[in-house]
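Encoded as structure tokens, the structure appears first; notes follow it.
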Amino acid sequence: MKNEKKELYVKIVPEKNEIVCSGLSFDDFICYLPEPIENLINIAIDTCVEVSETNYKKGFPLFEGKAAIKKIAEQESYCFGNFCFVDYCSSEQVDQLTAQEISELLYLGHMFEPLHSPFFPQLQNRFAYLSHDDSWYWKLYAQNIDDFLYILCGRLAKCIELPLPDNTQMIHEQLLYKAREGILIDLNEAVCKNNGIDVRLYTIGEYANMDKILNYLSQIKKEANKTNWIHFRGKEWSIS
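Numbering (the numbering used here), first residue to last: 25 to 264.
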């Protein structure tokens, strides 16, 4: 049984297509992504991810097909160390990578930021997923930020054991608005109220050190710029 964190931190920078978070894992990413990805190119040189179906092109390990990706998601990804990938459509695209594109992929996997862009026209990637001790810290570049919000809502629904909301667009807009400023959701604080569940949402700003959030959790909550509530009422969610 995987040990899932109940403290979720999310900071979204829409103009950079960038999300920084803690508490979500590769398993969440695969499970709640509305349109699944089928192929991954591993761009971290110091990771220990390996499955029997691993292929290699241009020196990169490739995980091809839903079965291979599922095997990775079933593993304890926290033990991978640095786990960084971009998705792609076909192996022929990887064969056609230029020396410059290879250099930029390696830079992305090493520095956790793009040299120019996290999106490569040759690969047609939707994501660049960059994690250290997966679920502890990861940065996601997403062509469509809404994909991440589906993942976040999926994880929240699982933890509170309620269905996903019918008012998806509204709750996505509310979460995006709040997450621009950096939010903390502590699911340990979930309370039953008015035939539903309420969870506090703290606006705490930008953090790159996830250890600091956990080590000073009580203090950070007290000093939050703002505190809101997420109200879960069956398939109707709201923030107030």
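For glycine and all other residues, C-beta sits at the position ideal for the given N, C-alpha and C.
Residue i: buried (16+ other C-beta within 10 angstroms of its C-beta) or exposed?
| i | result |
| --- | --- |
| Phe46 | The amino acid at residue 46 is misidentified as Phe; the sequence shows Ser. When all chains shown are included, Ser46 counts as buried. |
| Asp190 | exposed |
| Val118 | buried |
| Tyr80 | exposed |
| Ser159 | buried |
| Lys246 | exposed |
| Cys216 | exposed |
| Leu139 | exposed |
Could you give the C-beta distance for residue i and residue j, rounded to a whole number, given that I count them as a contact under 8 Å?
| i | j | result |
| --- | --- | --- |
| Thr227 | Ile195 | That pair is no contact at about 17 Å. |
| Asn43 | Phe172 | Looking at the sequence shown, residue 43 is not Asn but Ile. Contact holds; Cβ gap of about 5 Å. |
| His134 | Ile65 | In fact, because the Cβ distance is near 15 Å, the residues do not count as touching under 8 Å. |
| Ile54 | Ala97 | 4 Å |
When DSSP labels each residue in this structure, what does residue i get in the three-state scheme?
| i | result |
| --- | --- |
| Lys259 | coil |
| Cys208 | Note on identity: in this sequence residue 208 is Leu, with Cys being the wrong assignment. Strand, per DSSP. |
| Phe144 | coil |
| Glu42 | strand |
| Gly220 | strand |
| Glu31 | strand |
| Met25 | Low confidence applies to Met25: its pLDDT is 44, below 50, so where it sits in the model is not reliable enough to give any reading. |
| Asn239 | helix |
| Ile244 | helix |
| Tyr112 | coil |
Taking C-alpha atoms, which residue in the options lies nearest to residue i?
| i | options | result |
| --- | --- | --- |
| Gln120 | Gln146, Pro138, Tyr112 and Ile96 | Gln146 |
| Phe143 | Asn212, Lys94 and Val110 | Val110 |
| Trp132 | Tyr165, Lys29, Glu59 and Gln198 | According to the sequence as given, residue 132 is Leu; it is not Trp. For Leu132, the nearest C-alpha among the options comes from Tyr165. |
| Pro85 | Leu130, Arg150, Leu57 and Cys55 | Leu130 |
| Ala123 | Phe87, Gly83, Leu154 and Tyr161 | Gly83 |
| Leu57 | Gln99, Ser127 and Arg150 | Arg150 |
| Val34 | Asn168, Tyr161 and Glu59 | Tyr161 |
| Trp253 | Asp222, Tyr240 and Glu98 | Asp222 |
Let me see if you follow: with CB-CB separation under 7 Å, is residue i close to chain B or not?
| i | result |
| --- | --- |
| Lys82 | Among the protein chains of the structure shown there is no chain B, as only one such chain exists. |
Beta strand (DSSP E) runs contained entirely in the segment 79 to 106, provided each spans 3 or more residues:
79 to 81 and 84 to 88
Taking only runs of the beta strand (DSSP E) that begin and end inside the segment 146 to 179, which ones reach a length of at least 3 residues, in chain order?
151 to 156 and 161 to 166
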